[in-house]
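Taken in sequence, the protein lines are chains A and B. Going by the working numbering, the first residue of the first sequence is number 1, and it counts up by one from there. Going by the working numbering, the first residue of the second sequence is number 97, and it counts up by one from there. Cβ coordinates follow ideal geometry from the N, Cα and C atoms, glycine included. Here the structure comes first, spelled out in structure tokens, and everything after it is commentary.
There are 2 protein chains.
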Amino acid sequence: MSYIADDIVCDAPAGRLEGAEAYRGFLGPFVQILTSSKMIAAFGDDETALVMYDTETVPVKSAPGAECVTVKDGKITYSRFVFDRAPFDAARTAAS
Amino acid sequence: MSYIADDIVCDAPAGRLEGAEAYRGFLGPFVQILTSSKMIAAFGDDETALVMYDTETVPVKSAPGAECVTVKDGKITYSRFVFDRAPFDAARTAAS
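This is how it looks when you write it as structure tokens:
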């Protein structure tokens, strides 16, 4: 979390998250189910990084995601986060 | 379709599409419901382009997507495509 600004804003599939604690609450459970990840592509300039990666998780074998982050003074202040919730929703439904 | 290789391979949320006709069959219906789009970020090098954009569609007001494409001889030969199917699934369920 050392690169996350205290006032980070993250636009994720389920909506906007504001602040480092909300961001941690969002990503923490994901880290728990993450088994591996692989970078597909990563580009950027002085202020912006755009990455795409594939992840393997316990419920979903291939869950690619993309993030576009804005960096200011060495901290991520904004993140736009895209991934497909459908396979996670399906896994949750199948498990319940 | 002039930049799409005949043998394009596209890994999309619902699975792999092979060939320009399959790709057209996938994107054609999307173009029908697309009302506007806005580039969020675009980067690349000689062989790879990574883009993230937001789209507004008839059923889903904000449907961001990301694509990582491989270009060979001026044609897109591979595309990795990430977007959230959940709001489209929800709109389809609500409409049925």
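Original post:
Looking only at its own chain, which residues have a Cβ that is under 8 angstroms from the Cβ of residue 47 of chain A, when we skip the five neighbours before and after it?
Top reply: These residues qualify, in order along the chain: 70, 71 and 72.
Original post:
residue 2 of chain A to residue 75 of chain A, Cα distance in whole Å?
Top reply: Residue 75 of chain A has its alpha-carbon roughly 8 angstroms from the corresponding atom of residue 2 of chain A.
**OP:** Round the Cβ separation of residue 89 of chain A and residue 182 of chain B to the nearest angstrom and send it over; I've been treating them as touching at under 8 angstroms.
**Re:** The Cβ separation is near 6 angstroms, so the contact holds.
Original post:
From B/129, B/103, B/123 and B/118, pick the residue whose C-alpha is nearest to that of residue 79 of chain B; which is it?
Top reply: Examination of residue 79 of chain B is not possible in this model, given that chain B is present from 97 through 192 alone.
Original post:
Between which two residues does the beta strand (DSSP E) containing residue 78 of chain A stretch?
Top reply: Start and end: 75 to 83.
Original post:
Per DSSP, what kind of secondary structure is residue 23 of chain A in: helix, strand or coil?
Top reply: Correct three-state label for residue 23 of chain A: helix.
Subject >> Within chain B, the residues that residue 48 of chain A reaches when beta carbons sit closer than 7 angstroms >> reply: From the beta-carbon of residue 48 of chain A, the residues of chain B found nearer than 7 angstroms are 137.
Original post:
For residue 161 of chain B, is the classification buried or exposed, using 16 other Cβ atoms within 10 angstroms of its Cβ as the cut-off for buried?
Top reply: Label assigned to residue 161 of chain B: buried.
Original post:
Where do the ends of the alpha helix (DSSP H) carrying residue 185 of chain B lie?
Top reply: From DSSP, the alpha helix (DSSP H) with residue 185 of chain B extends over 182 to 191.
Original post:
Apart from the five residues on each side of it in sequence, which residues of its chain come closer than 7 angstroms, Cβ to Cβ, to residue 139 of chain B?
Top reply: Counting only residues of its own chain and dropping the five nearest sequence neighbours on each side, residue 139 of chain B has a CB closer than 7 angstroms to the CB of 146.
**OP:** Verify the CB distance criterion: does residue 66 of chain A have a CB-CB separation below 7 angstroms to chain B?
**Re:** Yes - at least one Cβ of chain B is within 7 angstroms of the one on residue 66 of chain A.
Original post:
Helix or strand or just coil, what does DSSP make of residue 154 of chain B?
Top reply: Residue 154 of chain B falls in the coil class under three-state DSSP.
**OP:** Determine the chain A residues that contact residue 182 of chain B at a beta-carbon separation under 9 angstroms, and present them in chain order.
**Re:** Here the neighbours are 13, 14, 84, 85, 86, 88 and 89.
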